[in-house]
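Residue numbers (the numbering used here): 3 to 423. Yeah, the Cβ is synthetic: ideal placement off N, Cα and C, and Gly gets one too. What follows is a single structure, written as structure tokens, with notes after it.
Have a look at this one:
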């Protein structure tokens, strides 16, 4: 019974996260030291749920690997991803460096026992998975959180030395380390909650707006598939980054063509596939959209759509003013006048439509509506067409773009050639 239950737990770990398979491998290696009967029961408890779900996955999506894994791993070399994961850690070190340092000092005085080494070994597949995936773009090193917990658990399982002169030395070290890490975590998370996650800040009102103005069953293409669809339950969505779409996730990508492709989880796209689905609404770039004035600003699907004559023939850009919700924290929107308008539309301030003058707490939604779609009739009447206001990138925009820290990637601000009537 013990072996079967442990196998089931390892199966649940594998089904929860892809790197759980590595955790299961460590568990099976540990069980190899147990009687064969226990090991066999554990293997059966592990294999049955995994085989059942893999059969379901293949029958549903036609792939043995999760679409999110395919989309995030991309087709880049492991070495490239390892260097990216190092950069990922360096951007999150403040939260974990203190814990690692104090844990190492602790283990100088107290050697982990068998249970402690087992817990520490569970962190190995998590580290490998993070390195292979190239880290993540989300804040605070979320992939490192389980490793921090395992490290603290290993410290708790490690017996103190019996030498009276040394027995109490680790206690203040560990206590100080936990206090520092806890304080850092509290400060960082408090700031994050106060300001709000950008995907939620903008994705929530966009989702509610689309839910209110589009008929049920309408199809929307967006890269913000984590928040916007949540607030528009009656609509259907295409995740243009492919995290839940095998047609995009499994497409081979051999080159980086846009700025956000440098970020893990943002490397895939398929403009031709999105056009084939004929969505009623297409939102390029972030949750609130952008006009496409700099084709390589955001994602691969955006670039391929902007390069397509079919896209420009069948879709027209519109803009709406949305009121941001106070639930996500107060933000300073004074810069939303000139600089932000320019960055998201490329239209000089003097050409801004009068109906789109922003006030504090308001933001601009830009989306492309399919010209022949009956579903977008009501939505179009509530917005302002930007088709006649569209401009090629101006010197004024170029100056703002180059100074913006948002564009601190390797690709230049480039108005790439695209088909136009």
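Residue 79 and residue 258 have their C-alpha atoms spaced approximately 13 Å apart. For residue 208, the closest alpha carbon among the candidates 310, 270, 224, 124 is that of 224. The beta carbon of residue 31 lies closer than 6 Å to none in the same chain, with the five residues before and after it left out. Secondary structure note for residue 366: its beta strand (DSSP E) is the uninterrupted segment 364-372. Contact between residue 282 and residue 375 holds: their C-beta atoms lie close to 4 Å from each other, under 8 Å. Assignment of beta-bridge partners to residue 222 by DSSP yields 239, 283. Taking the Cα positions, residue 67 is about 13 Å away from residue 18. By the Cβ test, the segment 242-258 is in contact with the segment 298-306, since at least three Cβ pairs between them sit closer than 8 Å. Residue 318 sits close to residue 373, with the two beta carbons spaced by under 8 Å. Taking 8 Å as the upper bound for CB-CB distance, residue 152 and residue 122 are in contact here, some 7 Å apart. From the listed residues 202, 215, 371, 111, the smallest Cα separation to residue 160 is found for 111. Per DSSP, residue 323 lies in no alpha helix (DSSP H) segment; the continuous beta strand (DSSP E) that holds it begins and ends at 317-325.
Distance from the Cα of residue 273 is smallest, within the candidate group 266, 250, 239, for 250. Its Cα nearest to that of residue 221, the residue 377 stands out among 44, 377, 9, 384. Counted as a single uninterrupted DSSP element, the alpha helix (DSSP H) harbouring residue 149 occupies residues 147-159. One Cα belongs to residue 276, the other to residue 240, and the distance between them is close to 8 Å.
Counted as a single uninterrupted DSSP element, the alpha helix (DSSP H) harbouring residue 83 occupies residues 80-92. Residue 293 and residue 86 have their C-alpha atoms roughly 30 Å apart. A distance of 8 Å or more separates the beta carbons of residue 64 and residue 9.
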